[in-house]
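Below you'll find the structure, written out as structure tokens, and then a few comments.
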Amino acid sequence: MSGARPRPPGPILWRSSLKNTIYDVLKARKRWQECEPDGDWDFFWADKGWIHHELDKVHLSDWQRVNHFPNHYELTRKDLLLKNLKRTKRQLEREDRASEAADYAFFPTTYVLPAEYRMFVEEFKRRGGTWIMKPIGRAQGQGIFLFNKLSQISEWRRDHTWKPEDEEQAETYLAQRYVDNPYLVGGKKFDLRIYALVMGYSPLRIYLYRSGFARFTNARFSMRKEDIGNTFVHLTNVAIQKHAPGFDRSKGMKWPIRSLRLYLSTWHGADATNELFGAIQALIVRTLLAVQPAMIQDRHCFELYGYDILIDSSLKPWLLEVNASPSLSASDKADWTLKFGMLNDMLDLVDMEGRREAAAKLPPRQGGFDLIWDGAPVAPGGAPGERPTSLPSVLGCFNPSDRTQARRRLADALAEDAGGGGGGGARWRRALVGGAGVGAGGGDAGGGGGDAAGGGGGGSGGSSGGRGGGGSGGSGSSSSQDRVGALPAGGRDQAQDV
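Right under this line is the structure:
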């Protein structure tokens, strides 16, 4: 920020509304100090309630930073996201840019109820099929259900005291055509959680984090009539899956995206896998371009988004939703390690320390974050590109932060062994084998991945055990590995409520 007043000398004073992994990261930062509850702060990790009710009431100094944009809901509220995507697509069509408009076909056919109820009924009568109902203001899968008959909607209308369209409704829902051909691994459905960091909307500056995870259902996928209402078959939220009969976290409800990329490369080849991950990256860019005109730019703000994406049997990505407050709670050490590294890299980019000159460009990479858009497409390494679809994605490739975390684990283990608690070096061997990005065997270990997308996240180190069934949307019966936990070991112990 040219002409901005510098931060006063002394430690960086921070405040956090949350006590999860972000709190751990802030506590661990050198020369960062937690302020008093009502004290002055330089950095505030605020909840959405504070942003909505307090941000416009306070005057922020040049150096102060908060973690949400004022109207982030244009992207993260399901109905407003739909509105912005439809508006962008219509505008492109009016400008005779039909091919670009077609690129926005990554969101299933959706209607906002009750406002578009009549339009929805007409579509349902024409094409039928299975639909999914989602409340716009809830999380963790609450209130979601599937239906394939209008009579089921009639029951829902009565239960929710349906009112005429000109009266205030108790709750708005989306009726969305259900993607009934998801890609399966081991016969089970999954979706992806991917992290995108927006440093500003004018110009639009987007970083994509290389690591993320795939969340699996506990039950095998089925579209049989008797399974339509079974949330353990159709919803991947761990908050729901943990109540499934026989649920066991140790059987692997999560995979690192790096393991998934390797698995897909094994089954479909590097070219098809690279094309898929490039399409996922382009999808993320296009959603942010769609909401950019509606977003209030504030130089004090940045935001970390959690994208939920589904892959279908033809390797087409579908956007499910975008979260303004992706879960930062960690249920185990592997989950904590991923999120700690990501948040630490994020704070390096926010740069409260002022290491970068005011007019300096953002770095093309910071830890596991890659700059993919800086007012225009950015190719790996910082070179300009022509179109977002023309650039390879390094999502799911080697994450430098994994190596840093592995070194820390190894140092801790060696220190413990030196103190007599390691059993002759067994502890450091466990640290290496258990670490993401290092160790032997498993889909997330081994020499593959590299630093660019050309290898498809490949390498032979993780291919053993990767053929876990399912194939391209199949039933999974082609393999004896019937559970996700039998696939690459890197994903076995990573689960959380999301």
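Remember, the working numbering sits 1126 above the position in the sequence shown when you count from 1. By construction, the Cβ of each residue, glycine as well, lies at the ideal position given by its N, Cα and C atoms. Since the model is a prediction, treat every value here as computed from it, not as a measurement.
Proximity of residue i and residue j at Cβ, strictly below 9 Å
i: Leu1361; j: Asp1205; result: no
i: Ser1126; j: Trp1189; result: Because residue 1126 is not part of the residues shown, which for the chain are 1127 to 1624, the question remains open.
i: Arg1216; j: Ala1228; result: no
i: Leu1445; j: Asp1434; result: yes
i: Gly1313; j: Arg1341; result: no
i: Ala1450; j: Thr1202; result: yes
i: Ser1391; j: Asn1470; result: no
i: Gly1338; j: Leu1521; result: yes
i: Phe1232; j: Ile1354; result: no
i: Leu1323; j: Met1421; result: no
i: Gly1432; j: Tyr1321; result: yes
i: Asp1166; j: Leu1139; result: yes
i: Gln1418; j: Ser1328; result: yes
i: Thr1256; j: Asp1306; result: yes
i: Val1504; j: Pro1490; result: yes
i: Asn1193; j: Leu1488; result: no
i: Pro1452; j: Arg1336; result: no
Where residue i falls: helix, strand or coil (DSSP)
i: Gly1432; result: strand
i: Arg1216; result: helix
i: Asp1458; result: coil
i: Ser1143; result: coil
i: Ile1422; result: coil
i: Tyr1309; result: coil
i: Asn1085; result: With the chain represented from 1127 up to 1624, any question about residue 1085 goes unanswered, as that position is not in the structure.
i: Met1468; result: helix
i: Arg1252; result: helix
i: Asp1317; result: strand
i: Ile1270; result: coil
Length of the line joining the Cα atoms of residue i and residue j
i: Asp1570; j: Ile1406; result: Note on Asp1570: pLDDT 35, under 50, position unreliable in the model; the coordinate value appears next. Between Asp1570 and Ile1406, the C-alpha separation is close to 20 Å.
i: Thr1236; j: Leu1208; result: 8 Å
i: Phe1495; j: Leu1464; result: 13 Å
i: Ala1241; j: Asp1182; result: 31 Å
i: Asn1210; j: Leu1414; result: 10 Å
i: Gly1588; j: Arg1133; result: Only weak support is given to the placement of Gly1588: the predicted model assigns it a pLDDT of 36, under 50, and the value that follows is read from those uncertain coordinates. Roughly 47 Å separates the two Cα atoms.
i: Pro1135; j: Trp1158; result: 12 Å
i: Glu1248; j: Arg1387; result: 40 Å
i: Phe1271; j: Leu1402; result: 28 Å
i: Pro1234; j: Lys1351; result: 21 Å
i: Glu1281; j: Lys1251; result: 18 Å
i: Glu1483; j: Arg1191; result: 17 Å
i: Pro1137; j: Ala1154; result: 13 Å
i: Ala1456; j: Pro1382; result: 14 Å
Member of the options whose CA lies at the smallest distance from the CA of residue i
i: Lys1260; options: Leu1218, Tyr1304, Glu1281; result: Tyr1304
i: Lys1380; options: Arg1331, Lys1487, Pro1196, Asp1317; result: Asp1317
i: Arg1384; options: Arg1191, Cys1523, Asp1150; result: Cys1523
i: Pro1196; options: Ala1322, Gly1326, Glu1249; result: Gly1326
i: His1178; options: Asp1222, His1185, Glu1162, His1198; result: His1198
i: Pro1308; options: Leu1276, Phe1273, Val1324, Met1349; result: Met1349
i: Ile1630; options: Arg1412, Ile1138, Leu1139, Arg1244; result: Not covered by the structure: residue 1630. The range shown for the chain is 1127 to 1624.
i: Cys1427; options: Glu1160, Thr1147, Leu1186; result: Leu1186
i: Val1359; options: Trp1393, Pro1382, Arg1319, Leu1310; result: Leu1310
i: Lys1625; options: Glu1483, Gln1492, Asn1525, Asp1474; result: The first residue shown for the chain is 1127 and the last is 1624, placing residue 1625 beyond what the model contains.
i: Asp1173; options: Cys1161, Val1151, Glu1160, Asn1146; result: Asn1146
i: Thr1214; options: Arg1412, Asp1150, Phe1169, Trp1393; result: Arg1412
i: Leu1436; options: Ile1262, Lys1315, Arg1425, Phe1466; result: Lys1315
Residue i CB to nearest heavy atom of the ligand ADP below 8 Å
i: Asn1197; result: Ligands in the displayed structure: none, and consequently the ligand ADP is not present.
Determine contact between the segment 1440 to 1457 and the segment 1476 to 1485, defined as no fewer than three beta-carbon pairs at a distance below 8 Å.
No, the segment 1440 to 1457 is not in contact with the segment 1476 to 1485.
Taking contact to mean at least 3 C-beta pairs separated by less than 8 Å, is the segment 1332 to 1340 in contact with the segment 1487 to 1501?
A contact between stretches requires three or more CB pairs, one per stretch, nearer than 8 Å, and the segment 1332 to 1340 meets this requirement with the segment 1487 to 1501.
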